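Here the protein sequences come in this chain order: A and B.
Just add 18 to wherever you are in the first sequence, counting from 1, and you've got the numbering used here.
Just add 20 to wherever you are in the second sequence, counting from 1, and you've got the numbering used here.
Ideal Cβ positions, reconstructed from N, Cα and C, are used throughout, including at glycine.
Computed from a predicted structure; not experimentally measured.
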Amino acid sequence: MSTGFLHQSSTITRRDLLRERRSGEVLWVTLPFGAIALLLVPLAIGTDAPTLQRIGPGMFWVIVMLFGVLIAIRQTNSETTAQRDLVALTGLDPAAIYVGKAFASFLLLLVFEVVLGAVTIALYDVSPSGWLVLPFVLVLAAAGLSLLGTLAAGIVATGQSATALVPLLVAPLSVPLLLGATQALEAIRLGRSSLSWVLLMTIVVLLLAVAGVLSARPLQETA
Amino acid sequence: MTTTQHETTVWPWIVMAAAGLLTFVASMSVSPDVVQGQLSRIMYVHVPAAWLAYLAFGVTMVASGMYLWKKDLKWDRRALASAEIGVVFTGLAIALGMVWAKPTWGVWWTWDSRLTLTAIMFFVYLGYLALRRTTDALDVRAKRAAILGVVAAVQIPLVHFSVVWWRGLHQAPSLIRPEPPEMDTAILLTLLLAVAAFTAMYVAMMFKRIELARLDDRVLVAEQTSSGPVAGEAVTAPDIARGS
């Protein structure tokens with residue numbers, strides 16, 4: 019990976035994070051929305067403490083996957099065709115743009131996971147297990163979701179129903195990540211090895227990264 | 021628009037009807053299963069439908085990859101045709117599985133890994149078909165769909181091996197597995213015959229759907245390139261020579 023590539027990627031990442039700092043979309047809209055969802059579930063299914071302790075980790079991951087899609091695709095909603103064209107005309111490597119956008123989403127998703135994790139512990143009285151594996155699982159889930167969301171947003175691009183279509187594409191394709199994350203922590207809780215699940219998530223992340231980088235140029239040509 | 025020889029071909033209809041009839045006769049001729057009774061006959065459609073789902077989505081992946089390599093729209097049409105057929109047969113496999121499950125397991129649906137992942141695969145390819153409807157630009161549509169067609173194929177091995185990786189209610193693979201199948205010879209032969217008939221039906225459906233897709237593309241190109249009525253065409257210029 020050349021210095022130019024890294025510089026271009028980091029420029030895009032900085033741009034996306036700056037845009038987030040100005041709009042506060044993730045911090046002030048998506049994050050509270052996710053916390054409200056965690057608050058609503060017990061009201062719907064009952065506030066029995068042992069039940070909430072049991073379903074807490076699963077609810078956390080479902081909320082992360084569904085609301086994380088909103089974070090990963092936020093650029094589809096906010097970027098206009100003219101803005102995309104302008105970035106393309108600057109001559110930046112499309113793969114660097116993809117990596118830069120995905121990395122910005124990754125950082126935001128990581129913050130989202132940590133804050134929502136704290137909310138889950140507080141509301142559901144969950145005792146997190148596997149302190150050694152948990153950081154890896156959080157990082158891999160955030161990486162996979164950001165790579166997938168950025169790829170899907172690139173595929174749909176300026177489609178008329180982009181806002182509805184991207185979640186339809188991302189949600190089912192994120193199932194290996196959801197399974198990997200929940201099962202890795204469940205395996206630790208049951209005293210089994212979680213290596214195979216972490217490995218599954220790593221493979222999915224690598225495949226998505228390769229698919230995203232390889233398809234970046236053809237997708238830019240169609241935007 | 022000229023009518024080509026393909027547009028009037030009738031053999032696909034004959035193959036589809038013959039395959040359907042053959043499956044029906046074969047599945048009704050074989051003796052019912054000792055344990056499941058008449059209900060087991062559903063398997064002669066359910067299993068081939070599930071097989072076609074794998075085959076169709078696999079072909080979509082290969083055709084998508086070929087489009088990205090060759091940039092020839094014929095591969096895009098093949099990917100589309102196969103995905104549509106795959107969605108239909110995945111839906112059929114799920115529906116028949118539910119009909120079988122109610123009297124056998126006591127519920128229409130259970131959170132078995134194979135069932136859940138098959139439903140997810142169904143939605144992934146519905147998303148693929150929805151993506152194709154977002155633009156009329158042939159090359160743009162083909163390129164975007166091809167990338168998704170390749171990425172979406174990750175689901176296929178996940179669905180197939182889910183019964184091996186996670187224990188659930190759904191039985192392990194009966195035909196596509198390392199060991200020889202463990203079932204009665206008559207049942208196995210009928211099942212293989214049904215699978216072969218459904219595969220022939222798939223080929224015939226592909227032929228007709230590709231033909232239709234080719235016509236669709238032609239209409240789209242004709243609409244995009246034809247010169248429509250020009251604004252102000254109905255207005256006539258004043259006759260300057262007569263001073264009017």
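| Asked | Found |
| --- | --- |
| L24(A) versus K90(B): straight-line alpha-carbon distance, rounded | 31 angstroms |
| Collapsed DSSP secondary structure at R33(A) in the structure displayed | helix |
| Chain-order list of residues whose beta-carbon lies under 7 angstroms from that of A73(B) (same chain, five-residue window excluded) | G106, F109, T110, A113 |
| Closer than 8 angstroms to chain A by CB, A173(B) | no |
| Under the three-state DSSP convention, the category G57(B) falls into | strand |
| Residue-chain proximity (T23(B), chain A), Cβ-Cβ < 8 angstroms | Confidence in T23(B) is poor, its pLDDT being 47 and thus under 50, which makes the residue's placement too unreliable to answer from. |
| From E243(B), D237(B), A217(B), residue whose alpha carbon lies closest to that of I34(B) | A217(B) |
| Selection from P194(A), L217(A), A160(A), I81(A) that minimises the alpha carbon distance to P177(B) | P194(A) |
| C-alpha distance - T108(A) paired with A90(A), whole-angstrom precision | 24 angstroms |
| Own chain partners of L197(A) with C-beta closer than 8 angstroms, once the 5 adjacent residues on each side are dropped | W215, L218 |
| Contacting residues, own chain, Cβ-Cβ under 7 angstroms from F154(A) (five flanking each side not counted) | V216 |
| C-alpha distance - D237(B) paired with D111(A), whole-angstrom precision | 32 angstroms |
| Any C-beta of chain B under 8 angstroms from that of L186(A) | yes |
| Interface partners of T80(B) on chain A, CB under 9 angstroms | Correct list: empty, because the minimum Cβ distance to chain A is about 15 angstroms. |
| Listed by chain order, chain B residues near L183(A) by CB distance under 8 angstroms | G147, A150, L151, T154 |
| First and last residue of the uninterrupted alpha helix (DSSP H) at P32(B) | 31-49 |
| Per-residue DSSP class, three states only, for T154(B) | coil |
| Through-space distance from S164(A) to L88(B), alpha-carbon basis | 24 angstroms |
| Proximal chain A residues relative to R164(B), where beta-carbon distance stays under 8 angstroms | I173, V174, A175, L237, T240 |
| CA-to-CA distance, R72(A) to E239(A), given in whole angstroms | 48 angstroms |
| 7 angstroms Cβ shell around R164(B) - same chain, five flanking residues per side excluded | L151 |
| Integer Cβ distance of S123(A) from G52(A), believed to fall under 8 angstroms | About 15 angstroms; that fails the 8 angstroms criterion. |
| Stretch-stretch touch, CB-based, cutoff 8 angstroms, three pairs: the segment 64-81 of chain B with the segment 39-50 of chain B | yes |
| Segments of 4+ residues assigned as alpha helix (DSSP H) that fall wholly inside the segment 105-167 of chain B | 133-152 |
| Contacts that F44(B) makes with chain A (C-beta to C-beta distance below 7 angstroms) | Correct list: empty, because the minimum Cβ distance to chain A is about 33 angstroms. |
| Within-8 angstroms CB hit, A205(A) to chain B | no |
| Same chain, Cβ closer than 8 angstroms to V241(B), neighbours up to 5 away in sequence not counted | L158 |
| The segment 137-144 of chain B / the segment 90-104 of chain B touching (three or more Cβ pairs under 8 angstroms) | no |
| Residue burial classification, V34(A) (beta-carbon count within 10 angstroms, cutoff 16) | The amino acid at residue 34(A) is misidentified as Val; the sequence shows Asp. It counts as buried. |
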